[in-house]
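In this note's numbering, the protein residues as written are 59 to 278.
Cβ atoms here follow ideal geometry from the backbone N, Cα and C, with glycine treated the same way.
These numbers come from a predicted model, not from an experiment.
Written out below as structure tokens is the structure these notes cover.
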Amino acid sequence: MARLVDLTAEELLLIPNHRQFWYEAAISKAPIDRSEFQTAIETIYKILGLDVPKLHFCDDPCDLIEKSRDFFQRLYHCEGGAAFVSPTMAKIHELHLRFICTIGAYESLLGDQLSVISEEEIENEYRIDNEFEKIFLSNLPNGFDSHCFAGHRSWVYPRFDEIGTVCWIDFHFSVIRHTVSEDYDELAWQAYRKLILLGGWFVAFESDCFVCDRPHYDER
Numbered sequence: 059m060a061r062l063v064d065l066t067a068e069e070l071l072l073i074p075n076h077r078q079f080w081y082e083a084a085i086s087k088a089p090i091d092r093s094e095f096q097t098a099i100e101t102i103y104k105i106l107g108l109d110v111p112k113l114h115f116c117d118d119p120c121d122l123i124e125k126s127r128d129f130f131q132r133l134y135h136c137e138g139g140a141a142f143v144s145p146t147m148a149k150i151h152e153l154h155l156r157f158i159c160t161i162g163a164y165e166s167l168l169g170d171q172l173s174v175i176s177e178e179e180i181e182n183e184y185r186i187d188n189e190f191e192k193i194f195l196s197n198l199p200n201g202f203d204s205h206c207f208a209g210h211r212s213w214v215y216p217r218f219d220e221i222g223t224v225c226w227i228d229f230h231f232s233v234i235r236h237t238v239s240e241d242y243d244e245l246a247w248q249a250y251r252k253l254i255l256l257g258g259w260f261v262a263f264e265s266d267c268f269v270c271d272r273p274h275y276d277e278r
């Protein structure tokens with residue numbers, strides 16, 4: 059773990075550009091590079107011990123909901139209480155947590171310096187999410203309880219929240235690597251990092267993965 063006070067002057071100077079890089083990735087409206095996404099998600103599946111999934115590119119979040127609906131069975135809870143709609147999604151989240159554990163404790167002063175997304179932007183994303191969550195909840199697959207599902211927004215990935223954390227993780231791995239006490243899986247990290255950078259929203263199941271360009275809130 060690195061503390062803000064322990065960074066060198068050179069490392070401190072790298073923070074603004076690093077934060078801006080991840081901010082631009084978070085707000086980008088560029089379409090997914092499908093070839094790069096396929097390579098990244100296939101690598102993640104192999105790391106998780108799964109066969110290469112059948113990949114479905116969807117037109118928009120509503121299309122993603124409709125095409126993936128029959129794959130949902132029940133919610134899966136990770137340690138700490140986070141809920142996901144498939145074991146594969148839970149495993150991807152646990153991979154994210156392993157990167158954090160490799161670094162160690164979160165230091166809020168450095169975390170604040172690497173904060174990417176504002177509260178307003180997070181709220182805008184939740185507005186999008188709430189709209190197509192209504193669509194999903196209006197016709198749940200068999201076995202789903204709408205009261206259980208309400209409030210769990212981790213059925214698509216990644217969230218703005220994850221992008222902020224990945225900015226902090228990436229700063230450790232790429233800028234202040236000497237502060238990381240344990241070895242980490244470089245292949246897994248680069249594949250996971252690529253998934254976040256590509257900007258798509260996806261939902262992953264053992265045999266199939268559905269992805270669409272990340273939606274953007276429009277005030278009009």
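Between which two residues does the alpha helix (DSSP H) holding D271 run? The residue you call residue 271 lines up with position 213 of the sequence shown. Per DSSP, D271 belongs to no alpha helix (DSSP H); it is in the beta strand (DSSP E), D266 to D271.
Report yes if the C-beta distance between T160 and Y250 is below 8 Å; otherwise report no. Your numbering for residue 160 matches position 102 in the sequence shown. Your numbering for residue 250 matches position 192 in the sequence shown. Not a contact, by the Cβ cut-off of 8 Å.
Roughly how many whole angstroms lie between the Cα atoms of C120 and F268? Your numbering for residue 120 matches position 62 in the sequence shown. Your numbering for residue 268 matches position 210 in the sequence shown. C120 and F268: Cα-Cα distance of roughly 12 Å.
Chain-order list of residues whose beta-carbon lies under 6 Å from that of W226 (same chain, five-residue window excluded): As a working mapping, residue 226 is identified with position 168 in the sequence shown. Same-chain partners within the cutoff: G169 and L172.
By how many angstroms is the C-alpha of E68 removed from the C-alpha of C270? Taking the first residue of the sequence shown as 1, we reach residue 270 at position 212. Taking the first residue of the sequence shown as 1, we reach residue 68 at position 10. Answer to the nearest angstrom: the Cα atoms are 39 Å apart.
Is V224 helix, strand or coil when you go by DSSP? Within the sequence shown, residue 224 is the residue found at index 166, counting from 1. In the structure shown, V224 sits in a helix (DSSP, three-state: H, G or I).
By a C-beta neighbour count over all protein chains shown, 10 Å radius and 16 as the cutoff for buried, is L111 buried or exposed? Numbered from its first residue, the sequence shown carries residue 111 at position 53. Note that residue 111 corresponds to Pro in the displayed sequence, not to Leu. P111 comes out buried.
Proximal residues to E220 (C-beta, below 7 Å), its chain only, five neighbours per side dropped: As a first step, residue 220 is located in the sequence shown; it is residue number 162 there, counting from the start. Excluding positions up to five away in sequence, the list reads H154 and I254.
Excluding the five sequence neighbours on either side, which residues of its own chain have a C-beta within less than 6 Å of the C-beta of A83, listed in chain order? As a first step, residue 83 is located in the sequence shown; it is residue number 25 there, counting from the start. L255.
For V63, which three-state DSSP category applies? Looking up residue 63 in the sequence shown gives position 5. The answer is helix: DSSP assigns V63 an H, G or I state.
Would the beta-carbon of T237 be found less than 7 Å away from any heavy atom of the ligand MG? This structure lacks the ligand MG, and indeed carries no ligand of any kind.
For F130, does the three-state DSSP call read helix, strand or coil? To locate residue 130, count along the sequence shown from 1; it is residue 72. It is coil, neither helix nor strand.
Could you check how far apart the C-beta atoms of I90 and G222 are, in whole angstroms? I think they sit under 8 Å. Position 32 of the sequence shown, counted from the first residue, corresponds to residue 90. Position 164 of the sequence shown, counted from the first residue, corresponds to residue 222. I90 to G222, Cβ: 21 Å. No contact.
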